[in-house]
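See below for the structure under consideration.
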Amino acid sequence: MSHNYYDEKWKNTLTYLETVLLDEPVQVDRREHRKELAGLYLKYIVISNELCEIIDQVVQVQKRKLMKKLLEATLGRILELKYDLVEADINDWTHCGDEMESLRLFLPSAS
1 MSHNYYDEKW KNTLTYLETV LLDEPVQVDR REHRKELAGL YLKYIVISNE LCEIIDQVVQ
61 VQKRKLMKKL LEATLGRILE LKYDLVEADI NDWTHCGDEM ESLRLFLPSA S
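Counting from 1, position 45 in the sequence shown corresponds to residue 45 in my numbering; the numbering is continuous, with no gaps.
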């Protein structure tokens with residue numbers, strides 16, 4: 001694919017990240033706002049997947065450094081949210097299927 005495609009994808013990912021950051025609540029009680037935490041968790045996973053794909057295809061070294069730092073920060077936030085979800089559910093396994101449906105995130109069928 002062309003550089004323009006990944007530049008546009010980079011801009012769209014940054015815009016999506018900004019909206020997620022602005023919509024994120026300042027401080028929430030984990031058990032009362034589990035649904036919001038699960039939604040944020042899934043949104044950050046989508047962002048990290050997009051960043052991985054973009055980093056893999058970008059050829060500019062300076063841009064890639066910035067993207068890797070942003071990816072590391074996003075992965076750190078995913079771990080924080082996962083910890084909060086574990087605390088809210090009092091279980092290591094957290095089910096986010098209902099939030100995936102509400103966000104219209106579907107896994108490709110394995111057929």
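Yeah, the Cβ is synthetic: ideal placement off N, Cα and C, and Gly gets one too.
Measuring straight from C-alpha to C-alpha, what distance separates residue i and residue j?
i	j	result
A110	G39	With a pLDDT of only 44 at A110, under 50, the local geometry of the prediction cannot be trusted, and the value read off the model is given with reservation. If you take the alpha carbons of A110 and G39, they lie about 24 Å apart.
Y16	L103	13 Å
N49	L37	18 Å
L81	K69	19 Å
D56	E87	34 Å
E8	N91	39 Å
L22	Y6	24 Å
G76	E101	24 Å
L105	E72	23 Å
V46	P25	19 Å
Less than 9 Å between the C-beta atoms of residue i and residue j, yes or no?
i	j	result
Y44	T19	no
H3	V61	no
T13	L51	yes
At which residues does the alpha helix (DSSP H) containing residue i begin and terminate?
i	result
L103	Looking at the DSSP string, L103 is not in any alpha helix (DSSP H), and its letter there is neither H nor E.
S48	34–57
Q62	61–89
H95	No alpha helix (DSSP H) contains H95, which DSSP labels as neither H nor E.
Excluding the five sequence neighbours on either side, which residues of its own chain have a C-beta within less than 8 Å of the C-beta of residue i, listed in chain order?
i	result
R64	I55, V58
R34	L85, A88, D89
M67	W10, L51, I54, I55, V58
Tell me which same chain residues have a C-beta within less than 7 Å of the C-beta of residue i, skipping the five on either side of it?
i	result
Y41	I78, L81, K82, L85, C96
Might you give, ordered along the chain, the residues of its own chain that have their beta carbon closer than 6 Å to the beta carbon of residue i, omitting 5 neighbours on each side?
i	result
E99	A38, G39, L42
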